Amino acid sequence: MFVDRNNAFDYAMYTDTGNAMIHGIVVGARVKGLLWNDIVDILRVVSDIEGYGEAMDTAVREEVWCAVFGN
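Residue numbers for the sequence shown, in our numbering: 1245 to 1315.
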């Protein structure tokens, strides 16, 4: 589940920029009704971008899953 700290989202990325990138993925996944496998594919692509390597970390994937499919 993401944490709302004064409108800041925390998806366990190392930077605010990383969290913003993942938040965009979460919003897009909700709007498009993406399946989990599709979201993981996107996270895998993002993790290959310099500075976003942790996008495939278990903690990030758990946060994303909860944000998209949780409450």
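Don't be surprised by glycine CBs; every beta carbon is placed ideally from N, CA and C.
In this text the structure is predicted, and so the values were computed from the model without any measurement.
A distance below 7 angstroms between beta-carbons, with the five flanking residues on each side excluded, links Gly1297 to the following residues of its chain, in chain order: Ser1291. In its chain, beyond the 5 residues on either side, Ala1303, Val1304, Glu1307 have a beta carbon closer than 6 angstroms to the beta carbon of Ala1256. Restricting attention to Asp1282, Ile1283, Ala1311, Glu1294, the CA atom closest to the CA of Thr1261 is found in Glu1294. Around the beta-carbon of Val1312, 16 or more other beta-carbon atoms lie within 10 Å, marking it buried.
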